[in-house]
Amino acid sequence: MVENNNSGGKIKANEEQITETLSSIQWDAKAGDTLLVPSGPSGNHLFVVLFDPQVPIDTSFGKKLHLAQVNFTSVRQGMIHDTSCIIESGEHEFISHKSYVNYRGLRYEEYGPIKRGVENGRLCLHTPVGYGLLCRIREGALISGKTPSYIKYEIQKLLDSLNINKSA
């Protein structure tokens, strides 16, 4: 039996329920989480969270929690790219082409605005990377000539404080 009497009301109620569900998303970042971040006309880039939110060792960043994140960029024939960490198609379900970790674009940002972006739907969560890939990405950040030195310092100190080896 099809109900036509109040279908507009049911649709509106359904939309309100979806909106309420989306606005109640709670996200607590952890190492290996991935985010789809809008990035201009090319669409979304996949960013990987390198560590759980941390208070920076370098106090010039302040005492608020920060996230270190890097993105994957497709390798283009004939284009120079960072070879510190190459990701093959299929190593993560979002990666459909041979890609590299873009350490030049590594972000070390306050956690609060990123958390709010996920919770309000501006940023979308994706499948986390596996531990082995996460370790390769971290190691690549330390060896890449594109990673800013202050970020290398933060990464090395975090690895030391967490007693994490450079590779798994």
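Mapping of the sequence shown onto this note's numbering: residues 4 to 171, in sequence order.
Even glycine gets a Cβ: it sits at the ideal position worked out from N, Cα and C.
- Message: My assumption, with CB atoms under 8 Å, is that TYR106 sits in contact with HIS69. Please give the rounded CB distance.
- Response: Contact check for TYR106 and HIS69: beta-carbon distance about 17 Å, past the 8 Å limit, so the pair fails to qualify.
- Message: Looking at the strands, I want to know which residues DSSP matches up with HIS69.
- Response: Answer by DSSP bridge pairing, in chain order: GLN57 and GLU113.
- Quick one: residues in its chain with C-beta nearer than 8 Å to the C-beta of LYS155, no 5 flanking neighbours on either side, listed in chain order? Shown here for LYS155: same chain residues with a beta carbon closer than 8 Å to its own, the five before and five after excluded, namely ALA144 and LEU145 in chain order.
- Query: What are the boundary residues of the beta strand (DSSP E) that CYS127 is part of?
  - Reply: DSSP places CYS127 in the uninterrupted beta strand (DSSP E) bounded by 127-129.
- Taking DSSP as the reference, what is the three-state secondary structure of ARG107? Correct three-state label for ARG107: strand.
- Would you mind sorting ARG141 into buried or exposed? The rule is 16 or more other CB atoms within 10 Å of its CB. Buried, because 16 or more other Cβ atoms sit within 10 Å of the Cβ of ARG141.
- Item | Beta-carbon proximity list for HIS48, same chain, < 6 Å, skipping 5 on both sides | If we look at HIS48 and ignore the five residues flanking it on each side, its Cβ neighbours are VAL40, SER42 and ASN74.
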